[in-house]
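This is the structure in C-alpha coordinates:
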(Lines of atoms letter the chains of each structure in order from A and count residues from 1; the text may use other names and numbers.)
(Lines give C-alpha, C1' and ligand atoms only; values in the text may rest on other atoms or scores of the structure.)
Protein backbone atom coordinates (compact mmCIF):
# COMPACT_ATOMS: atom_id res chain seq x y z
CA UNK A 1 0.00 0.00 0.00
CA UNK A 2 2.83 2.38 0.91
CA UNK A 3 4.61 1.61 -2.39
CA UNK A 4 1.45 2.43 -4.37
CA UNK A 5 1.09 5.72 -2.53
CA UNK A 6 4.67 6.64 -3.33
CA UNK A 7 4.22 5.78 -7.01
CA UNK A 8 1.16 8.02 -7.12
CA UNK A 9 3.26 10.74 -5.52
CA UNK A 10 5.92 10.34 -8.19
CA UNK A 11 3.35 10.79 -10.93
CA UNK A 12 1.95 13.87 -9.19
CA UNK A 13 5.42 15.31 -8.82
CA UNK A 14 6.06 14.79 -12.52
CA UNK A 15 2.81 16.55 -13.33
CA UNK A 16 3.70 19.52 -11.14
CA UNK A 17 7.16 19.94 -12.61
CA UNK A 18 6.40 19.11 -16.23
CA UNK A 19 8.82 21.24 -18.20
CA UNK A 20 10.88 18.47 -19.77
CA UNK A 21 10.90 17.26 -23.37
CA UNK A 22 13.21 17.89 -26.29
CA UNK A 23 13.09 20.17 -29.32
CA UNK A 24 15.12 20.14 -32.53
CA UNK A 25 16.91 23.49 -32.56
CA UNK A 26 18.25 25.35 -35.60
CA UNK A 27 22.04 25.66 -35.66
CA UNK A 28 23.36 29.20 -36.11
CA UNK A 29 25.87 29.65 -38.94
CA UNK A 30 29.43 30.17 -37.79
CA UNK A 31 29.50 33.79 -38.96
CA UNK A 32 26.29 34.74 -37.11
CA UNK A 33 26.66 36.84 -33.96
CA UNK A 34 23.46 37.23 -31.90
CA UNK A 35 22.71 40.76 -30.71
CA UNK A 36 22.25 39.52 -27.13
CA UNK A 37 24.25 36.30 -26.83
CA UNK A 38 23.55 33.81 -24.08
CA UNK A 39 26.16 31.13 -23.37
CA UNK A 40 25.69 27.57 -22.21
CA UNK A 41 27.60 24.56 -20.93
CA UNK A 42 25.99 21.13 -21.03
CA UNK A 43 26.76 17.45 -20.71
CA UNK A 44 23.56 16.37 -22.39
CA UNK A 45 23.92 13.96 -25.30
CA UNK A 46 22.89 15.34 -28.68
CA UNK A 47 21.10 13.96 -31.69
CA UNK A 48 21.10 15.41 -35.20
CA UNK A 49 18.10 14.06 -37.10
CA UNK A 50 18.72 16.31 -40.10
CA UNK A 51 21.22 18.84 -41.35
CA UNK A 52 21.16 22.23 -39.69
CA UNK A 53 19.42 21.20 -36.46
CA UNK A 54 20.53 19.76 -33.13
CA UNK A 55 18.63 18.26 -30.20
CA UNK A 56 19.93 18.19 -26.63
CA UNK A 57 18.41 15.16 -24.91
CA UNK A 58 18.08 13.96 -21.28
CA UNK A 59 20.76 11.34 -21.98
CA UNK A 60 24.24 11.81 -20.49
CA UNK A 61 27.40 12.65 -22.40
CA UNK A 62 30.86 12.20 -20.88
CA UNK A 63 31.99 15.19 -22.96
CA UNK A 64 31.05 18.77 -22.05
CA UNK A 65 29.78 21.06 -24.76
CA UNK A 66 30.10 24.85 -24.69
CA UNK A 67 28.02 27.02 -26.97
CA UNK A 68 26.21 30.23 -27.72
CA UNK A 69 22.46 30.72 -28.06
CA UNK A 70 20.11 33.24 -29.61
CA UNK A 71 17.13 33.89 -27.35
CA UNK A 72 14.26 36.17 -28.33
CA UNK A 73 13.42 38.22 -25.23
CA UNK A 74 10.41 40.20 -26.49
CA UNK A 75 6.96 39.57 -24.91
CA UNK A 76 5.31 37.26 -24.06
CA UNK A 77 8.60 35.85 -22.79
CA UNK A 78 12.01 34.49 -23.73
CA UNK A 79 12.07 31.95 -26.58
CA UNK A 80 15.12 29.99 -27.68
CA UNK A 81 15.66 30.52 -31.42
CA UNK A 82 18.95 28.85 -32.33
CA UNK A 83 22.21 27.54 -30.89
CA UNK A 84 25.78 26.96 -31.99
CA UNK A 85 28.10 24.62 -30.14
CA UNK A 86 31.48 26.36 -30.11
CA UNK A 87 33.55 23.49 -28.73
CA UNK A 88 33.05 19.95 -27.48
CA UNK A 89 35.54 18.91 -24.80
CA UNK A 90 37.19 15.48 -24.85
CA UNK A 91 35.22 12.94 -22.83
CA UNK A 92 36.16 12.49 -19.18
CA UNK A 93 37.84 10.80 -17.44
CA UNK A 94 40.97 11.60 -19.44
CA UNK A 95 43.59 8.93 -19.91
CA UNK A 96 46.31 8.73 -17.26
CA UNK A 97 48.93 6.36 -15.91
CA UNK A 98 50.36 5.80 -12.46
CA UNK A 99 54.12 5.76 -12.05
CA UNK A 100 55.69 5.12 -8.65
CA UNK A 101 52.45 6.17 -6.99
CA UNK A 102 52.24 9.42 -8.97
CA UNK A 103 49.37 10.07 -11.39
CA UNK A 104 50.66 11.12 -14.81
CA UNK A 105 48.01 12.52 -17.21
CA UNK A 106 48.20 11.48 -20.84
CA UNK A 107 49.93 14.40 -22.60
CA UNK A 108 47.86 14.24 -25.77
CA UNK A 109 44.55 14.03 -23.91
CA UNK A 110 45.54 16.96 -21.71
CA UNK A 111 46.52 19.09 -24.70
CA UNK A 112 43.17 18.51 -26.38
CA UNK A 113 41.26 19.20 -23.15
CA UNK A 114 43.20 22.36 -22.38
CA UNK A 115 42.75 23.58 -25.96
CA UNK A 116 38.97 23.20 -25.57
CA UNK A 117 39.11 25.08 -22.28
CA UNK A 118 41.18 27.85 -23.85
CA UNK A 119 38.63 28.27 -26.63
CA UNK A 120 35.78 28.48 -24.14
CA UNK A 121 37.72 30.98 -22.00
CA UNK A 122 38.63 33.09 -25.03
CA UNK A 123 35.01 33.25 -26.22
CA UNK A 124 33.68 34.14 -22.77
CA UNK A 125 36.54 36.56 -22.11
CA UNK A 126 35.74 38.62 -25.19
CA UNK A 127 32.08 38.79 -24.20
CA UNK A 128 32.97 39.60 -20.59
CA UNK A 129 35.00 42.63 -21.60
CA UNK A 130 31.84 44.12 -23.12
CA UNK A 131 29.75 43.36 -20.01
CA UNK A 132 28.99 46.08 -17.41
CA UNK A 133 30.82 45.25 -14.20
CA UNK A 134 32.33 42.13 -15.79
CA UNK A 135 30.21 39.86 -13.60
CA UNK A 136 28.76 36.47 -14.58
CA UNK A 137 25.23 35.20 -13.94
CA UNK A 138 25.23 31.39 -13.83
CA UNK A 139 21.92 29.50 -13.73
CA UNK A 140 21.62 25.79 -12.88
CA UNK A 141 18.17 24.23 -13.32
CA UNK A 142 16.30 21.57 -11.40
CA UNK A 143 14.40 18.33 -11.98
CA UNK A 144 12.66 17.64 -15.30
CA UNK A 145 13.96 20.74 -17.05
CA UNK A 146 14.68 20.62 -20.76
CA UNK A 147 17.64 22.29 -22.42
CA UNK A 148 15.34 24.87 -24.00
CA UNK A 149 13.60 25.67 -20.72
CA UNK A 150 16.97 26.10 -19.02
CA UNK A 151 18.16 28.71 -21.51
CA UNK A 152 14.84 30.55 -21.57
CA UNK A 153 14.85 30.72 -17.76
CA UNK A 154 18.41 32.04 -17.84
CA UNK A 155 17.26 34.76 -20.24
CA UNK A 156 14.39 35.66 -17.90
CA UNK A 157 16.79 36.00 -14.95
CA UNK A 158 19.16 38.05 -17.12
CA UNK A 159 16.34 40.42 -18.02
CA UNK A 160 15.42 40.76 -14.35
CA UNK A 161 18.91 42.06 -13.52
CA UNK A 162 18.75 44.46 -16.48
CA UNK A 163 21.47 42.47 -18.29
CA UNK A 164 24.12 43.62 -15.83
CA UNK A 165 26.11 40.38 -16.05
CA UNK A 166 27.23 37.86 -18.65
CA UNK A 167 24.53 35.12 -18.79
CA UNK A 168 25.69 31.49 -18.68
CA UNK A 169 23.33 28.49 -18.42
CA UNK A 170 24.55 25.14 -17.10
CA UNK A 171 22.26 22.37 -18.35
CA UNK A 172 22.73 18.91 -16.85
CA UNK A 173 20.90 15.82 -18.22
CA UNK A 174 17.50 16.16 -16.53
CA UNK A 175 14.07 15.58 -18.01
CA UNK A 176 14.23 11.78 -17.98
CA UNK A 177 10.83 10.36 -18.96
CA UNK A 178 8.69 7.84 -17.13
CA UNK A 179 7.39 7.37 -13.58
CA UNK A 180 10.92 7.00 -12.19
CA UNK A 181 12.28 10.09 -13.94
CA UNK A 182 12.82 11.86 -10.60
CA UNK A 183 15.29 9.22 -9.47
CA UNK A 184 17.03 9.12 -12.86
CA UNK A 185 17.39 12.89 -12.74
CA UNK A 186 18.90 12.71 -9.25
CA UNK A 187 21.64 10.40 -10.49
CA UNK A 188 22.17 12.48 -13.63
CA UNK A 189 22.78 15.43 -11.34
CA UNK A 190 25.48 13.44 -9.54
CA UNK A 191 26.95 12.46 -12.90
CA UNK A 192 27.27 16.14 -13.83
CA UNK A 193 29.14 17.38 -10.75
CA UNK A 194 32.67 17.00 -12.18
CA UNK A 195 31.70 18.91 -15.31
CA UNK A 196 30.15 21.70 -13.24
CA UNK A 197 33.34 21.91 -11.18
CA UNK A 198 35.35 22.25 -14.38
CA UNK A 199 32.96 24.96 -15.56
CA UNK A 200 33.35 26.88 -12.31
CA UNK A 201 37.13 26.59 -12.52
CA UNK A 202 37.11 28.02 -16.03
CA UNK A 203 34.71 30.84 -15.13
CA UNK A 204 36.61 31.86 -11.99
CA UNK A 205 39.86 31.98 -13.97
CA UNK A 206 38.64 34.41 -16.63
CA UNK A 207 40.89 37.50 -16.85
CA UNK A 208 39.16 40.66 -15.67
CA UNK A 209 36.29 38.78 -14.02
CA UNK A 210 34.36 40.74 -11.42
CA UNK A 211 32.23 38.29 -9.46
CA UNK A 212 30.07 35.24 -10.14
CA UNK A 213 26.39 35.16 -9.15
CA UNK A 214 24.82 31.68 -9.09
CA UNK A 215 21.10 30.88 -9.12
CA UNK A 216 20.22 27.22 -8.54
CA UNK A 217 16.69 25.81 -8.54
CA UNK A 218 15.28 22.68 -6.91
CA UNK A 219 17.54 19.65 -7.61
CA UNK A 220 20.04 22.02 -9.17
CA UNK A 221 20.76 23.23 -5.63
CA UNK A 222 22.17 19.80 -4.80
CA UNK A 223 24.32 19.76 -7.94
CA UNK A 224 25.65 23.27 -7.25
CA UNK A 225 26.30 22.92 -3.52
CA UNK A 226 28.03 19.56 -3.99
CA UNK A 227 30.32 20.97 -6.67
CA UNK A 228 31.04 24.11 -4.65
CA UNK A 229 31.63 22.13 -1.45
CA UNK A 230 34.29 20.04 -3.17
CA UNK A 231 35.93 23.15 -4.63
CA UNK A 232 35.89 24.86 -1.22
CA UNK A 233 37.58 21.86 0.39
CA UNK A 234 40.14 21.81 -2.44
CA UNK A 235 40.89 25.53 -2.05
CA UNK A 236 41.25 25.40 1.73
CA UNK A 237 43.50 22.33 1.51
CA UNK A 238 45.77 24.29 -0.85
CA UNK A 239 45.88 27.24 1.56
CA UNK A 240 43.67 29.46 -0.61
CA UNK A 241 40.71 31.54 0.48
CA UNK A 242 37.72 30.27 -1.57
CA UNK A 243 36.23 33.79 -1.48
CA UNK A 244 39.20 34.86 -3.62
CA UNK A 245 39.73 31.74 -5.74
CA UNK A 246 36.11 30.90 -6.61
CA UNK A 247 34.93 34.53 -6.81
CA UNK A 248 31.32 33.60 -5.99
CA UNK A 249 29.69 36.71 -4.56
CA UNK A 250 26.06 35.57 -4.60
CA UNK A 251 24.65 32.06 -4.21
CA UNK A 252 20.87 31.87 -4.52
CA UNK A 253 19.12 28.59 -3.75
CA UNK A 254 15.52 28.77 -4.94
CA UNK A 255 13.16 26.06 -3.65
CA UNK A 256 16.16 23.82 -2.90
CA UNK A 257 15.39 20.10 -3.07
CA UNK A 258 17.95 19.14 -0.44
CA UNK A 259 17.55 16.98 2.64
CA UNK A 260 18.04 19.40 5.53
CA UNK A 261 19.75 16.79 7.71
CA UNK A 262 22.26 16.35 4.87
CA UNK A 263 22.65 20.13 4.70
CA UNK A 264 23.46 20.10 8.41
CA UNK A 265 26.33 17.64 8.01
CA UNK A 266 27.71 18.42 4.54
CA UNK A 267 27.29 22.20 4.42
CA UNK A 268 26.85 23.68 7.88
CA UNK A 269 29.35 21.34 9.56
CA UNK A 270 31.83 21.93 6.72
CA UNK A 271 31.56 25.74 7.20
CA UNK A 272 30.24 26.14 3.68
CA UNK A 273 28.64 29.59 4.07
CA UNK A 274 31.75 31.71 4.81
CA UNK A 275 33.24 30.70 1.43
CA UNK A 276 30.88 33.08 -0.41
CA UNK A 277 29.82 36.70 -0.30
CA UNK A 278 26.21 35.92 0.56
CA UNK A 279 23.80 32.99 0.41
CA UNK A 280 20.07 33.59 -0.02
CA UNK A 281 17.63 30.70 0.29
CA UNK A 282 14.12 31.23 -1.06
CA UNK A 283 11.59 28.89 0.49
CA UNK A 284 7.92 28.09 0.68
CA UNK A 285 6.95 25.88 3.65
CA UNK A 286 3.93 24.54 1.70
CA UNK A 287 5.74 23.93 -1.61
CA UNK A 288 3.75 21.02 -3.10
CA UNK A 289 6.50 19.64 -5.34
CA UNK A 290 8.97 19.58 -2.45
CA UNK A 291 6.26 18.02 -0.32
CA UNK A 292 6.10 15.07 -2.73
CA UNK A 293 9.89 14.87 -2.80
CA UNK A 294 9.87 14.85 0.99
CA UNK A 295 7.36 12.00 0.99
CA UNK A 296 9.55 10.00 -1.40
CA UNK A 297 12.88 10.68 0.28
CA UNK A 298 11.69 11.02 3.91
CA UNK A 299 13.97 13.95 4.90
CA UNK A 300 12.77 17.53 5.46
CA UNK A 301 13.38 19.49 2.23
CA UNK A 302 15.54 22.58 2.67
CA UNK A 303 13.12 24.60 0.53
CA UNK A 304 10.31 23.97 3.06
CA UNK A 305 12.33 24.87 6.13
CA UNK A 306 11.07 27.15 8.86
CA UNK A 307 12.78 28.55 11.95
CA UNK A 308 10.94 25.99 14.09
CA UNK A 309 12.82 23.14 12.40
CA UNK A 310 16.17 24.38 13.74
CA UNK A 311 17.77 23.14 16.92
CA UNK A 312 19.19 25.66 19.37
CA UNK A 313 22.77 25.00 18.25
CA UNK A 314 21.81 25.65 14.60
CA UNK A 315 19.93 28.81 15.56
CA UNK A 316 23.05 30.09 17.29
CA UNK A 317 25.19 29.24 14.25
CA UNK A 318 22.82 31.13 11.95
CA UNK A 319 22.76 34.10 14.32
CA UNK A 320 26.55 34.28 14.05
CA UNK A 321 26.78 33.73 10.29
CA UNK A 322 25.63 37.05 8.90
CA UNK A 323 25.81 36.22 5.18
CA UNK A 324 23.10 33.51 5.04
CA UNK A 325 19.45 34.57 4.81
CA UNK A 326 16.19 32.65 4.42
CA UNK A 327 13.28 34.25 2.58
CA UNK A 328 9.74 32.88 2.94
CA UNK A 329 7.91 33.74 -0.29
CA UNK A 330 4.51 32.15 0.39
CA UNK A 331 2.81 35.54 0.92
CA UNK A 332 3.49 36.57 -2.69
CA UNK A 333 3.51 33.26 -4.57
CA UNK A 334 0.72 31.18 -3.09
CA UNK A 335 1.31 28.19 -0.90
CA UNK A 336 1.76 25.48 -3.54
CA UNK A 337 4.17 27.27 -5.86
CA UNK A 338 7.54 25.68 -6.73
CA UNK A 339 8.73 27.58 -9.84
CA UNK A 340 8.13 31.01 -8.33
CA UNK A 341 11.77 32.05 -8.67
CA UNK A 342 11.47 32.66 -12.43
CA UNK A 343 7.79 33.62 -12.75
CA UNK A 344 6.77 35.69 -9.76
CA UNK A 345 7.62 39.39 -10.24
CA UNK A 346 8.16 40.06 -6.52
CA UNK A 347 10.60 37.17 -6.15
CA UNK A 348 12.39 38.08 -9.37
CA UNK A 349 12.71 41.68 -8.23
CA UNK A 350 14.13 40.66 -4.86
CA UNK A 351 16.63 38.29 -6.46
CA UNK A 352 17.67 41.00 -8.90
CA UNK A 353 18.21 43.44 -6.04
CA UNK A 354 20.40 40.94 -4.21
CA UNK A 355 22.51 40.30 -7.31
CA UNK A 356 22.87 43.85 -8.60
CA UNK A 357 23.15 45.81 -5.34
CA UNK A 358 23.99 43.32 -2.60
CA UNK A 359 21.31 44.93 -0.42
CA UNK A 360 20.82 43.36 3.00
CA UNK A 361 17.38 42.01 3.97
CA UNK A 362 16.60 45.07 6.10
CA UNK A 363 17.25 47.45 3.21
CA UNK A 364 14.27 49.60 2.06
CA UNK A 365 15.12 48.38 -1.45
CA UNK A 366 13.73 44.96 -0.49
CA UNK A 367 10.14 44.29 0.56
CA UNK A 368 10.96 42.07 3.51
CA UNK A 369 9.64 41.76 7.05
CA UNK A 370 11.90 40.27 9.69
CA UNK A 371 10.61 37.03 11.22
CA UNK A 372 13.31 35.53 13.45
CA UNK A 373 17.11 35.42 13.35
CA UNK A 374 18.10 35.06 9.66
CA UNK A 375 14.51 34.37 8.54
CA UNK A 376 12.51 36.96 6.60
CA UNK A 377 9.17 37.17 4.79
CA UNK A 378 8.76 38.65 1.32
CA UNK A 379 5.58 40.70 1.04
CA UNK A 380 3.79 42.65 -1.66
CA UNK A 381 5.06 46.15 -2.35
CA UNK A 382 1.81 47.74 -1.14
CA UNK A 383 1.34 45.44 1.82
CA UNK A 384 -0.23 47.59 4.61
CA UNK A 385 1.63 45.65 7.29
CA UNK A 386 4.93 46.54 5.65
CA UNK A 387 3.87 50.18 5.32
CA UNK A 388 3.07 50.29 9.03
CA UNK A 389 6.38 48.68 9.96
CA UNK A 390 8.24 51.18 7.77
CA UNK A 391 6.39 54.00 9.51
CA UNK A 392 7.49 52.68 12.92
CA UNK A 393 11.20 52.72 11.98
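Residue numbers (my numbering): 5 to 397.
Where a beta carbon is used, it is the ideal one built from N, C-alpha and C, also for glycine.
Source: prediction; values computed, not measured.
Can you tell me whether residue i is buried or exposed, with buried defined as 16 or more other CB within 10 angstroms of its CB?
i           : result
residue 216 : buried
residue 72  : buried
residue 110 : exposed
residue 224 : buried
residue 19  : Confidence at residue 19 is low in this model, with a pLDDT of 42, below 50, so its placement is unreliable and the value that follows should be read with caution. Classification for residue 19: exposed.
residue 55  : exposed
residue 102 : exposed
residue 34  : exposed
residue 265 : exposed
residue 147 : buried
Helix, strand or coil for residue i? Go by DSSP, reduced to three states.
i           : result
residue 250 : coil
residue 367 : coil
residue 333 : coil
residue 189 : helix
residue 36  : coil
residue 96  : coil
residue 317 : helix
residue 26  : coil
residue 149 : strand
residue 61  : strand
residue 171 : strand
residue 289 : coil
residue 159 : helix
Between residue i and the ligand HEM, is the CB less than 7 Å from at least one heavy atom?
i           : result
residue 238 : Here there are no bound small molecules, and the ligand HEM is not part of this structure.
On a Cα-Cα basis, can you pick out the residue from the options that is closest to residue i?
i           : options            : result
residue 201 : 241, 266, 260, 250 : 250
residue 380 : 355, 364, 332, 350 : 332
residue 81  : 114, 103, 161      : 161
residue 175 : 335, 360, 368, 46  : 46
residue 149 : 36, 48, 240        : 48
residue 38  : 230, 86, 115       : 86
residue 78  : 40, 54, 210        : 40
residue 359 : 326, 295, 267, 257 : 257
residue 362 : 348, 303, 328      : 328
residue 140 : 107, 299, 212      : 212
residue 173 : 248, 153, 189, 192 : 153
residue 337 : 170, 272, 289      : 289
residue 145 : 330, 134, 158      : 158
Work out the CA separation of residue j and residue i for me, nearest whole Å.
i           : j           : result
residue 323 : residue 126 : 42 Å
residue 282 : residue 263 : 21 Å
residue 186 : residue 301 : 11 Å
residue 1   : residue 165 : Nothing can be reported for residue 1: it is not among the residues displayed for the chain, which extend from 5 to 397.
residue 376 : residue 129 : 42 Å
residue 354 : residue 291 : 19 Å
residue 69  : residue 112 : 19 Å
residue 378 : residue 118 : 43 Å
residue 293 : residue 179 : 15 Å
residue 383 : residue 163 : 22 Å
residue 50  : residue 181 : 16 Å
residue 274 : residue 98  : 30 Å
residue 279 : residue 207 : 17 Å
residue 345 : residue 218 : 13 Å
residue 104 : residue 204 : 31 Å
residue 367 : residue 351 : 15 Å
residue 285 : residue 222 : 11 Å
residue 226 : residue 120 : 27 Å
residue 313 : residue 28  : 45 Å
residue 321 : residue 26  : 44 Å
residue 132 : residue 272 : 33 Å
residue 326 : residue 170 : 28 Å
residue 123 : residue 270 : 34 Å
residue 347 : residue 135 : 25 Å
Keeping to the same chain, check which residues put their C-beta closer than 6 Å to that of residue i; ignore five residues upstream and five downstream.
i           : result
residue 67  : 92, 93, 95
residue 83  : 76
residue 230 : 197
residue 246 : 236, 239, 279
Which same chain residues end up closer than 7 Å to residue i when comparing Cβ atoms and leaving out the 5 residues on each side of it in sequence?
i           : result
residue 311 : 375, 376, 377, 379
residue 190 : 223
Near residue i, what residues of its chain come up, given a Cβ to Cβ distance below 8 Å and the 5 sequence neighbours on each side ignored?
i          : result
residue 59 : 26, 27, 28, 29, 50, 51, 52, 53
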